[in-house]
Amino acid sequence: WKRRSSVIPLVIDTDTAQDDCVALLVGLLDPAADLVGITMVAGNVGFDQQVKNAQITLAVAGRSGEVPIYLGCRRPLVREWVSAENVHGDGSGGLSMDEEGLEVSAEHGVDALIRLAAENPGTLRIVAIGPLTNIATALVKDPDFVANVGELYIMGGSNNGRGNITAAAEYNFYVDPEAAKAVFAAGFDITVIPWDQLTLRDAVFSREQLAEIAAIGTPLSSFFTRMVDATLAFDESVGIPGSTHPDSLTAAVLLHPELVTAHARYAVDIETGSDLTRGYSAMSWGVHELEPNARVIESVDAAGFFALIRDVLSHSMTPSRSISGL
Numbered sequence: 027w028k029r030r031s032s033v034i035p036l037v038i039d040t041d042t043a044q045d046d047c048v049a050l051l052v053g054l055l056d057p058a059a060d061l062v063g064i065t066m067v068a069g070n071v072g073f074d075q076q077v078k079n080a081q082i083t084l085a086v087a088g089r090s091g092e093v094p095i096y097l098g099c100r101r102p103l104v105r106e107w108v109s110a111e112n113v114h115g116d117g118s119g120g121l122s123m124d125e126e127g128l129e130v131s132a133e134h135g136v137d138a139l140i141r142l143a144a145e146n147p148g149t150l151r152i153v154a155i156g157p158l159t160n161i162a163t164a165l166v167k168d169p170d171f172v173a174n175v176g177e178l179y180i181m182g183g184s185n186n187g188r189g190n191i192t193a194a195a196e197y198n199f200y201v202d203p204e205a206a207k208a209v210f211a212a213g214f215d216i217t218v219i220p221w222d223q224l225t226l227r228d229a230v231f232s233r234e235q236l237a238e239i240a241a242i243g244t245p246l247s248s249f250f251t252r253m254v255d256a257t258l259a260f261d262e263s264v265g266i267p268g269s270t271h272p273d274s275l276t277a278a279v280l281l282h283p284e285l286v287t288a289h290a291r292y293a294v295d296i297e298t299g300s301d302l303t304r305g306y307s308a309m310s311w312g313v314h315e316l317e318p319n320a321r322v323i324e325s326v327d328a329a330g331f332f333a334l335i336r337d338v339l340s341h342s343m344t345p346s347r348s349i350s351g352l
């Protein structure tokens, strides 16, 4: 991979909480990105709270009303929704904002994905950082959707490692394993940013790094610090030495492939039939006579990634609205 030379039309499909918000900031503020839409999917916290968190993020970036928010699927394909509110709380560190006059699009998130891909065939990139319900629904609804999407970057699964909601499963795939299984079987050009080992090794910010960000003193860095503080204690309680940033890493790797230091083709499939290993991502590395269907990132330049996030948070943006608690 080499540095991309042009601005990338981008949709972020998200269950907005904590690091999802940071991923949105990357999409909003990185000059390599043209964020054309935000699609909402049921995941981390209550659906309406996720929408609030996206609106707050747009406001802190000074972009309220500029990027449309599309409401997608409010539950997984066939299962009951499972929240991660024990980790994220409300997903925004308790921040709130007067949302009077702010609207979301009347177009459903799945229809927006289909339309935007059709309008930008082969060039639209999707960063999917929540459960894959919207993506799976779009590929069922429109037979051309897979071919129209240029690249699909997925935060999910673990590369033959441990999960984070169960011993076997990473949260996004666990919540809607049927959707994940369908997406990996559909023929997209997929890049996967896994939880273990990648995130746990290369996308954890230590308390020293978090203090460096807090010292920047911009509204963006204050926003980041407020969100991270809400989840840092949980991360440390489960043995992670800092805050985890897989979602913003997914956006960063798409926009700056020079961050990638190792990747390989894998055959990826998702377990749907077992209660014990529901959502497990089986990633075969080329010795089992299976056809690869995804590129899996194995390592990134951790220092370079941190520098990118620090630079994004250094922007001196004036928030579009007053945010209570910031």
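In the numbering used here, the protein residues as written are 27 to 352. Even glycine gets a Cβ: it sits at the ideal position worked out from N, Cα and C. Being a predicted model, the structure only gives us computed values, none of them experimental.
1. Which residue marks the beginning of the beta strand (DSSP E) containing P35, and which one marks its end?
2. Contact between the stretch 173–190 and the stretch 51–68: three or more CB pairs below 8 Å?
3. Going along the chain, which residues of its own chain have a beta-carbon closer than 7 Å to the beta-carbon of K167, five neighbours each way excluded?
4. Determine whether the beta carbon atoms of M343 and A80 lie at a separation below 7 Å.
5. Taking the straight line between their C-alpha atoms, what separation do you get for F331 and A278?
6. So, helix, strand or coil for I266, using DSSP?
7. For F231, which of helix, strand or coil comes out of DSSP?
8. Rounded to the nearest angstrom, what separates R291 and G182 at their Cα positions?
9. Is V93 closer than 7 Å to S274 when the C-beta atoms are compared?
10. From which residue to which residue does the beta strand (DSSP E) around I325 run?
11. By the DSSP assignment, the beta strand (DSSP E) with E177 in it spans what residues?
12. What does R151 pair with, by DSSP beta-bridge criteria?
13. Give the list of continuous beta strand (DSSP E) stretches no shorter than 3 residues that lie fully inside the stretch 100–171.
14. Just how far apart, CA to CA, sit V201 and T303?
15. Pairing CB atoms from the stretch 230–239 with CB atoms from the stretch 189–207, are three or more of them under 8 Å?
16. Taking T298 as the reference, which of F210, S269, A154 and L165 has the closest Cα?
17. Give me, in chain order, the residues of the same chain whose beta-carbon lies closer than 7 Å to that of L272; leave out the 5 immediate sequence neighbours on both sides.
18. Please work out which residues of its chain come closer than 8 Å, Cβ to Cβ, to V89, disregarding the five sequence neighbours upstream and downstream, and give them in chain order.
19. Taking the alpha carbon of Q223 as the point to measure from, which residue in S325, I155, V294 and E133 has its own alpha carbon closest?
20. Is the stretch 305–322 close to the stretch 94–109, with three or more CB pairs under 8 Å?
21. Considering only DSSP beta bridges, list what Y96 is partnered with.
22. Determine, using beta carbons only, whether L158 and A205 come nearer to each other than 7 Å.
23. In the stretch 186–218, which residue ranges form an unbroken alpha helix (DSSP H) of at least 4 residues, counting only runs that do not cross its ends?
24. Between the alpha carbons of G213 and D124, how many angstroms are there, rounded?
25. For I242, which residues of its own chain have a beta-carbon under 8 Å away from its beta-carbon, when the five flanking residues on both sides are left out?
26. Just verifying my parser: in three-state terms, what is the DSSP assignment at I349?
27. Out of S307, A328 and S350, which one is the CA nearest neighbour of P283?
Taking the coordinates as given:
1. I34 to T40
2. no
3. V136 and I140
4. no
5. 7 Å
6. coil
7. strand
8. 16 Å
9. no
10. In the sequence as presented, Ile is not what sits at residue 325; that position holds Ser. Run containing S325: A320 to V326, per the beta strand (DSSP E) assignment.
11. E177 to M181
12. L36 and E177
13. 151–154
14. 12 Å
15. no
16. F210
17. Residue identity check: residue 272 is Pro in the sequence provided, not Leu. For P272, where only same-chain residues beyond five positions count, the Cβ hits under 7 Å are D45, M181, I219, W221, T225 and A229.
18. Note on identity: in this sequence residue 89 is Arg, with Val being the wrong assignment. For R89, where only same-chain residues beyond five positions count, the Cβ hits under 8 Å are L54 and S346.
19. S325
20. no
21. T65
22. yes
23. 197–201 and 203–210
24. 43 Å
25. R336, L339 and S340
26. strand
27. A328
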